[in-house]
Ligand code: GLY
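Residue numbers (this note's numbering): 642 to 1043.
Following this line, the structure appears as structure tokens:
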């Protein structure tokens, strides 16, 4: 089949068949290891072994924000196929992540990514009570990061002034919120539903409203970071972040906004969140449409060097499919077609379907200013997570994990 010329449905069916083969082989090799990127042989290592070594007591560091994406992929595949091997491997990772709940300082706001895609997915799929307990503990940890005066969830840990605050524009890290957290707050919506108690969702809504006010710009582009004075909640500034520079538009941040605000709409039915999601989506679509449907790392980066980030593309596609679910069919067609164009363009340029090698979607970039290139246009686990979620959603075989 000519993958460039076939219909969307033919492309989707063909990718789904390849996904079944690739993920079965990958799951057999990776099991309950925690992958992040591939090594020089094109295979996954366990990130807890390769990135930080052991903790002082000989344990593994399991708190990196991406460590939920592999179990998230496994739950998606379990939903689609019913193959128990996926479930066993996902539960194995979740048991490793449990250590984080005994030490609140070992996690930051990304406790949402970590536990939505592991414990909460497990509970949603099977009703497992231990998984529910973990999800609720994680939600309590996230809620506890809420700043009452600034009405935002604190992003990162660390001393008030540190290397990051110096590098990105100073200020006091206790007063920083970031766009990424729009993907963490669904943990709070879930906890409120689960406990039939509005407290958690109120925090999520307040945070999302603050993000609307201080992160999203009138043209639909986004800041990455907002700095508030942590004791009074007074707005200070928008430091730069993982994009090209202060005031530019980091594409993964844009994708967190598209999907994150659409999810806040799903959970609250507040129309303003859907409109913000659309506003950010239109900005992404217009930028990608003039770039062969491939996402630059930053939509306002210099013309050279050309650098892409497929993780932003995959998450944007999922956000567009989420928006499509909440609008009428004529509007939905527009968002779904845009998602197809992004997925197909990235598949054609960046996908690796060899079942003997790990990872599908190459071309992921962690941040724009990468001194040695090791974080630029490489396979990154969350690119694969969002790719799989998008494919299964289009096939009607996904598990809702947010
Ligand atoms: N949440 C961190 C990132 O998007 O790189």
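We treat Cβ as the ideally placed atom computed from N, Cα and C, and that holds for glycine.
* Listed in chain order, which residues are found with a beta carbon closer than 7 Å to a heavy atom of the ligand GLY? -> The set, ordered by position in the chain, is 706, 751, 821, 883, 893, 897, 1007, 1008.
* Asked: Which residues mark the beginning and the end of the beta strand (DSSP E) in which residue 878 is found?
  -> The count along the chain shown starts at 1 and reaches residue 878 at position 237. The continuous beta strand (DSSP E) containing residue 878 extends over residues 876–878.
* Counting Cβ pairs, one atom from each stretch, are 3 or more of them under 8 Å apart for the segment 1020–1037 and the segment 718–726? -> Segment contact: the segment 1020–1037 against the segment 718–726, three or more CB-CB distances shorter than 8 Å; contact assigned.
* Which residue comes first and which comes last in the beta strand (DSSP E) that contains residue 817? -> In the chain shown, residue 817 corresponds to position 176, counting from 1. From DSSP, the beta strand (DSSP E) with residue 817 extends over 817–819.
* Leaving out five residues on either side along the sequence, give the residues of the same chain with a beta carbon under 8 Å from the beta carbon of residue 846. => Translated into positions along the chain shown, residue 846 becomes position 205. Here the set comprises 905, 909, 911.
* residue 944: first and last residue of the uninterrupted beta strand (DSSP E) it sits in -> Here residue 944 refers to the residue found at position 303 of the chain shown. Counting along the chain, residue 944 falls outside any beta strand (DSSP E), and DSSP gives it neither H nor E.
* Return the CA-CA distance between residue 1041 and residue 713, expressed in angstroms with no decimal places. => Numbered from 1 along the chain shown, position 400 holds the residue referred to as residue 1041. Numbered from 1 along the chain shown, position 72 holds the residue referred to as residue 713. Near 10 Å, if we compare the C-alpha coordinates of residue 713 and residue 1041.
* To do: Using the DSSP secondary-structure output, state which residues sit across from residue 1005 in a beta bridge.
  => Against the chain shown, residue 1005 aligns to sequence position 364. For residue 1005, which the question treats as bridged, DSSP gives the partners 1019.
* Asked: Three-state secondary structure (DSSP) at residue 707?
  -> For the purposes of this step, residue 707 is taken as residue 66 along the chain shown, with counting starting at 1. Residue 707: coil per DSSP, three-state reduction.
* **C-beta atoms of residue 752 and residue 779 nearer than 7 Å** => As a first step, residue 752 is located in the chain shown; it is residue number 111 there, counting from the start. As a first step, residue 779 is located in the chain shown; it is residue number 138 there, counting from the start. Yes, they are a contact pair.
* **residue 973 - partner residues in DSSP beta bridges** => If you number the chain shown from 1, residue 973 lands on position 332. Bridge pairing for residue 973: absent [DSSP].
* Locate the beta strand (DSSP E) running through residue 814, then write down its first and last residues. => For the purposes of this step, residue 814 is taken as residue 173 along the chain shown, with counting starting at 1. From DSSP, residue 814 is part of no beta strand (DSSP E); its letter is neither H nor E.
* To do: Within 10 angstroms of the Cβ of residue 750, are there 16 or more other Cβ atoms? Answer buried if so, exposed if not.
  => The count along the chain shown starts at 1 and reaches residue 750 at position 109. With 16 or more Cβ atoms within 10 Å of its Cβ, residue 750 is classed as buried.
* **The alpha helix (DSSP H) enclosing residue 772, as first and last residue numbers** => As a first step, residue 772 must be located in the chain shown, where it is residue number 131. Looking at the DSSP string, the run of the alpha helix (DSSP H) that includes residue 772 is 770–784.
* To do: Take the Cβ of residue 939 as the centre, count every other Cβ of all protein chains shown within 10 Å, and call the residue buried at 16 or more, exposed below.
  => Locating residue 939 in the chain shown gives position 298, where the first residue counts as 1. Buried, because 16 or more other Cβ atoms sit within 10 Å of the Cβ of residue 939.
* **Bridge partner(s) assigned by DSSP for residue 891** => Taking the first residue of the chain shown as 1, we reach residue 891 at position 250. Residue 891 is bridged to 939.
* **Contact under 7 Å by Cβ, residue 936 with residue 892** => Residue mapping note: residue 936 aligns to position 295 of the chain shown, counting from 1. Residue mapping note: residue 892 aligns to position 251 of the chain shown, counting from 1. Yes, the Cβ-Cβ distance between residue 936 and residue 892 is below 7 Å.
* To do: Within 10 angstroms of the Cβ of residue 648, are there 16 or more other Cβ atoms? Answer buried if so, exposed if not.
  => Walking along the chain shown from the start, residue 648 turns up at place 7. Exposed: under 16 other Cβ atoms inside 10 Å.
* Using a threshold of 6 Å, is the CB atom of residue 819 nearer than that to any non-hydrogen atom of the ligand HEM? -> Judged by which ligands are present, the ligand HEM is missing from the structure shown, whose ligands are the ligand GLY.
* To do: Just the C-alpha distance for residue 686 and residue 794, rounded to the nearest angstrom, thanks.
  => On the chain shown, position 45 is the one that residue 686 refers to. On the chain shown, position 153 is the one that residue 794 refers to. Going from the Cα of residue 686 to the Cα of residue 794 covers about 32 Å.
* Buried/exposed call for residue 629, threshold 16 Cβ in 10 Å -> As shown, the chain starts at 642 and ends at 1043. That puts residue 629 outside it, with no answer to give.
* Asked: From this set, 983, 948, 1039, 989, which residue's C-alpha is nearest residue 1005's C-alpha?
  -> Position 364 of the chain shown, counted from the start, is the residue given in the question as residue 1005. Answer by Cα proximity: 948.
* **Whether residue 844 touches residue 787 by CB criterion (7 Å)** => Along the chain shown, read from residue 1 onward, the residue named residue 844 stands at position 203. Along the chain shown, read from residue 1 onward, the residue named residue 787 stands at position 146. Less than 7 Å divides the Cβ of residue 844 from the Cβ of residue 787.
* **Residue range of the alpha helix (DSSP H) that includes residue 734** => Counting from 1 along the chain shown, the entry for residue 734 is found at position 93. 725–738 is the span of the alpha helix (DSSP H), which, as asked, contains residue 734.
* **DSSP beta-bridge partners of residue 949** => Within the chain shown, residue 949 is the residue found at index 308, counting from 1. In the DSSP output, where bridge partners are listed per residue, residue 949 has 937.
* Asked: From residue 811 to residue 1009, what does the alpha carbon distance come to, in whole angstroms?
  -> In the chain shown, residue 811 corresponds to position 170, counting from 1. In the chain shown, residue 1009 corresponds to position 368, counting from 1. Straight-line Cα distance between these residues: approximately 19 Å.
* Asked: Do you know offhand how far residue 932's Cα is from residue 1012's?
  -> For the purposes of this step, residue 932 is taken as residue 291 along the chain shown, with counting starting at 1. For the purposes of this step, residue 1012 is taken as residue 371 along the chain shown, with counting starting at 1. Straight-line Cα distance between these residues: approximately 25 Å.
* What residues match up with residue 794 in a beta bridge as DSSP calls it? -> Translated into positions along the chain shown, residue 794 becomes position 153. For residue 794, the pairing in a beta bridge is given by DSSP as 787.
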